[in-house]
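Below: one structure, written as structure tokens.
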Amino acid sequence: MTQLDIFDTDPLLEGLNPQQAEAVSFRGQALLIVAGAGSGKTRVLTHRIASLIHSREAWPSQVLAITFTNKAAAEMRERAEQILGSATEGMWISTFHSSCVRILRREAENFGFTSSFTIYDSHDSRTLIKRIIKDLDGESYGCTVSGVANKISRLKNELADVDSYARNINPNDPNEVKFLEVFREYTRSLQAANAFDFDDLLAQTVFLFRAFPHVADVYRKKFRHILVDEYQDTNHAQYALIHELTRECADGTPGASLTVVGDSDQSIYSFRGADIRNIAEFERDFPGAKVILLEQNYRSTQNILSAANAVISNNFDRKAKNLWSASGDGAKLVGFTGYSAHDEAQFIVDEINALHSQGVDYNSIAVFYRTNAQTRALEEIFIRSALPYRLVGGTKFYERAEIKDVICYLIAVANPADGLAVRRILNTPKRGIGPATEASLQLFADQNNVSVREALRHVDGLGFGPKVTGAINSLSKMLDEATAMLDAGKVSDVLAHLLEKTGYIDALRATRDPQDEARAENVEELLAVTREFDKNNPDGTLIDFLTEVSLVAAADELDDASGTVSLMTLHTAKGLEYDAVFLTGVEEELLPHRMSAGEPGGPAEERRLFYVGITRARKHLYLTLAMSRAMFGQTNVALPSRYLQEIPSELLDWRQSPEDLQRSSLGSGYGSRSLGSSYGSSSSGSGWGSSSGGWDSLPPSPKPKTEWANRVTNQIRDNGDLELQAGDRIRHVDFGDGTVTDVTGVDTKRVAHVRFDRAGAKKLLIKIAPIEKI
DNA sequence: ATGCCGTCTGTTTTT
DNA sequence: CAGACGGCAT
768 MTQLDIFDTD PLLEGLNPQQ AEAVSFRGQA LLIVAGAGSG KTRVLTHRIA SLIHSREAWP
828 SQVLAITFTN KAAAEMRERA EQILGSATEG MWISTFHSSC VRILRREAEN FGFTSSFTIY
888 DSHDSRTLIK RIIKDLDGES YGCTVSGVAN KISRLKNELA DVDSYARNIN PNDPNEVKFL
948 EVFREYTRSL QAANAFDFDD LLAQTVFLFR AFPHVADVYR KKFRHILVDE YQDTNHAQYA
1008 LIHELTRECA DGTPGASLTV VGDSDQSIYS FRGADIRNIA EFERDFPGAK VILLEQNYRS
1068 TQNILSAANA VISNNFDRKA KNLWSASGDG AKLVGFTGYS AHDEAQFIVD EINALHSQGV
1128 DYNSIAVFYR TNAQTRALEE IFIRSALPYR LVGGTKFYER AEIKDVICYL IAVANPADGL
1188 AVRRILNTPK RGIGPATEAS LQLFADQNNV SVREALRHVD GLGFGPKVTG AINSLSKMLD
1248 EATAMLDAGK VSDVLAHLLE KTGYIDALRA TRDPQDEARA ENVEELLAVT REFDKNNPDG
1308 TLIDFLTEVS LVAAADELDD ASGTVSLMTL HTAKGLEYDA VFLTGVEEEL LPHRMSAGEP
1368 GGPAEERRLF YVGITRARKH LYLTLAMSRA MFGQTNVALP SRYLQEIPSE LLDWRQSPED
1428 LQRSSLGSGY GSRSLGSSYG SSSSGSGWGS SSGGWDSLPP SPKPKTEWAN RVTNQIRDNG
1488 DLELQAGDRI RHVDFGDGTV TDVTGVDTKR VAHVRFDRAG AKKLLIKIAP IEKI
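Residues 768 to 1541, numbered by this note's numbering, are exactly what the first sequence covers, in order.
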């Protein structure tokens, strides 16, 4: 056991490089750690925290560490615990949003909210905005839901409130006046509902600190050491929050010490207000700040890093930074151009199978894409190939309609002021309360300045028919019963009671829509989630549960032990790493995305996104694209991304380059290309991208695209209980004839292992593969 | 009040 | 190719 009191060998510095060690041991008011991808920043942060505690410079409760996702927070806590054991108790290690919620719950009573406020996600915000625009006839003044929602979000990120904004508008422009009116009503409705939207969580915390300096001082004195991860992605509100917290107190107590970690090359959230200047100008904001640069990369091979460096060096006005690795060149990057998105997906599946048979776990393989819409083709081929995968993010569990329905019941119990939630459950499941009744209830509520929940209690005097009145009374009674259960604790008991009394699950099972069975199962899964919550949080309240639900981030859903390939957007991928990474859809219009083309700094940010994707890979990096992509119902020709040309050609091994496809589709060679095993036939790293030739000089729109658009199709077929065994001959729509070599799995999950005569070995999910016995 | 059918619309990334 | 919405029939 190493001794702590030996001066020259602090165990916390063991195994760190000189820069990392300095980042751990530096003491001062402000420290900026410029941490390149994979440079061990989490290690540095946890060791720095441990160092502060070990040296007794800080109590655990004086440490506030802010990360980007709950998963990152959990990982940091876990790693800190490995060093410190139970001494991490009392530390705040959480995301910006969770930290703010925690503060706001304590202080809500100070400014017109209660501690049981609920949190509106962007969908809820939009629903509310839609309603307000309708009520105020905003349409006639150019208000669209998304326009208003984006503008309000932007304003809040800039810490503008209704009144400060009102001072800056042009009172002669009716559109601006109308927007202000909508903004004001939105703000009023949120307060009446005792709710905050996502942006409020940050902005209102800042307002709270500014309006009540004595409250702010409490937190300033509490948090003496503040550490912020992913600082390049902070927006103005987050920046202001950090400034408020590190300010000197009224009584002269000096400001807390601040450590920020970030990498401006990985700034990819400007669309939601992240301002790269926060990190670029850190030294100006905090005079005397120390800056430490971490450039040694412990994650990727040198080839991957060289590609990343080459790409990112095309962004001008950035500080030079060069990642390097001591772990050798490794394999070359692999490029592949498919005829269609499905063709691209098939290549990915084949490569994953190859990697897997070489001993790479599915777990350590990830597929990235720019837009969620790209998942469709990938999923179709993955399913057909019986490849275990998991979508990370995307349409999240908690965004499903049936889950939101049930959550709204819980909200109606926990925060009766929340009119949005109460209105949502009014007629789900159907109980004969239509829009007209809903409107009268809302009217009564508005006129008497009470909540909709309160209006339900006065339904007897509102002159509805006996059926409607009875339905409302029983709903109201049911909510009261659930409310009475709150003190006894258990979230799962409350939910179980509500589900039973509403008959929600039974109502789903009674319909003839086959999808409703799956929905019923989702609701049951939610019940299981609440049981798990109760188990893990014996003192957890319903509000705690709802908060947790509101603040889950896409990356939080990752399950490291799932044994599946992970599929996610490039944004979600930030902060993660995998042995093998497939970066898909590397095409113009997609990466860079067409929507970013017009925005200032758009293409540069897209390049950073590409860079983030590249630097996630430890050993294997695949860059794939498709020659044609169906977006919007119809198939369009796609061009290779400009970023591909920024990768030195000697680093990239094209299994099938864009040029190969151009040749075959233009020339006579088309049609003879065989799939699978012959992917590599026409490669060589030469040709494309090397000089003036390449892509741009090719004819703009090669015609015979219908010929090759679906070389690998998305066809599936219901084979029922087709029986197959080793030795059988089958015919596949895409791969031609082949021999079954093995059959594994049971039931609907039976998988045929087939050696195709021309397309090589594949695995197929028998139930749906487009095959027949021959 | 509800359910069904047509039309329109719009598609980046997310806490 | 969706999901949202308006209009119609029951």
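Think of the CB as a built atom: it goes at the ideal place given N, C-alpha and C, for glycine as much as any other residue.
Check for me: the beta strand (DSSP E) holding residue i runs from which residue to which?
i, result
"K1088", "Run containing K1088: none; DSSP gives neither H nor E here."
"K1529", "G1527 to L1532"
"H992", "H992 to V995"
"I1059", "K1057 to L1061"
"A1212", "First-last for A1212: P1202 to N1215, but that is the alpha helix (DSSP H), not the beta strand (DSSP E)."
Opposite residue i in the DSSP bridges: which residues?
i, result
"P1407", "E1354"
"A1397", "T1402"
"R1496", "T1506"
"S1333", "A1133 and R1157"
"H1387", "A1347"
"D1420", "V1101"
"H1520", "D1509 and K1530"
"H1360", "E1356 and L1357"
"F1377", "DSSP lists no partner for F1377."
For the alpha helix (DSSP H) containing residue i, name the first residue and the last one.
i, result
"F1114", "A1108 to S1124"
"Q1069", "Q1069 to I1079"
"I870", "F863 to E874"
"V1226", "First-last for V1226: undefined, no H or E at that position."
"D1052", "F1049 to D1052"
"F1038", "Unbroken run through F1038: none, as it is neither H nor E."
Quick one: what does DSSP say residue i is sitting in, helix, strand or coil?
i, result
"S1024", "strand"
"E1539", "strand"
"I1132", "strand"
"Y953", "helix"
"Y1345", "strand"
"D1514", "helix"
"T1104", "strand"
"G1368", "coil"
"D1096", "coil"
"G1029", "strand"
"I1414", "coil"
"V1173", "helix"
"Q786", "helix"
"E781", "coil"
"N1045", "helix"
"A1320", "coil"
"A962", "strand"
"L1392", "strand"
"N1064", "strand"
Excluding five sequence neighbours on each side, which residues of the same chain lie with their C-beta closer than 6 Å to the C-beta of residue i?
i, result
"T885", "A962, I1178, N1182 and D1185"
"R1522", "G1505, T1506, T1508 and A1528"
"T1511", "V1518"
"A1188", "C1175, I1178 and A1179"
"E925", "H1003"
"F965", "none"
"S1444", "A caution first: S1444 carries a pLDDT of 33, below 50, which makes its placement in the model unreliable, though a value can still be read off. Taken in chain order, the residues that qualify are G1527."
"Y887", "A962 and D964"
"R951", "V929"
Tell me which same chain residues have a C-beta within less than 7 Å of the C-beta of residue i, skipping the five on either side of it?
i, result
"F979", "N877"
"I1192", "D1172, C1175, Y1176 and A1179"
"A1077", "E1413, I1414 and P1415"
"T972", "C867, I870, L871 and L1008"
"N1064", "G803, A804, G805, S806, L1072, L1090, W1091 and S1092"
"K1268", "M1245"
Once you ignore the five residues that flank residue i on each side, which residues in its own chain have a CB closer than 8 Å to its CB?
i, result
"T757", "Residue 757 lies beyond the range of the chain shown here (768 to 1541); nothing can be said about it."
"R869", "W859 and S861"
"L947", "V929, Y932, A933 and I936"
"K1344", "Rather than Lys, the amino acid found at residue 1344 in this sequence is Glu. The residues are G805, R1066, R1383, A1384 and R1385."
"V949", "I896, I899, I900, L903, G905, C910 and V915"
"S882", "R872, R873, A875, E876 and I1310"
Is any non-hydrogen atom of the ligand SAM found closer than 7 Å to the C-beta of residue i, if you look at the structure I gave you?
i, result
"L1060", "In the structure on display, the ligand SAM does not appear, and there are no ligands present to speak of."
Q: Starting from the N-terminal side, write out each stretch of the alpha helix (DSSP H) that is 4 residues or longer and does not extend beyond the segment 850 to 937.
A: With a minimum length of 4 residues, the continuous alpha helix (DSSP H) runs that stay inside the segment 850 to 937 are 863 to 874, 889 to 902, 912 to 924 and 929 to 933.
Q: Could you tell me which uninterrupted alpha helix (DSSP H) segments, each at least 4 residues in length, are contained entirely in the segment 797 to 844, listed from first to last along the chain?
A: 808 to 821, all fully within the segment 797 to 844.
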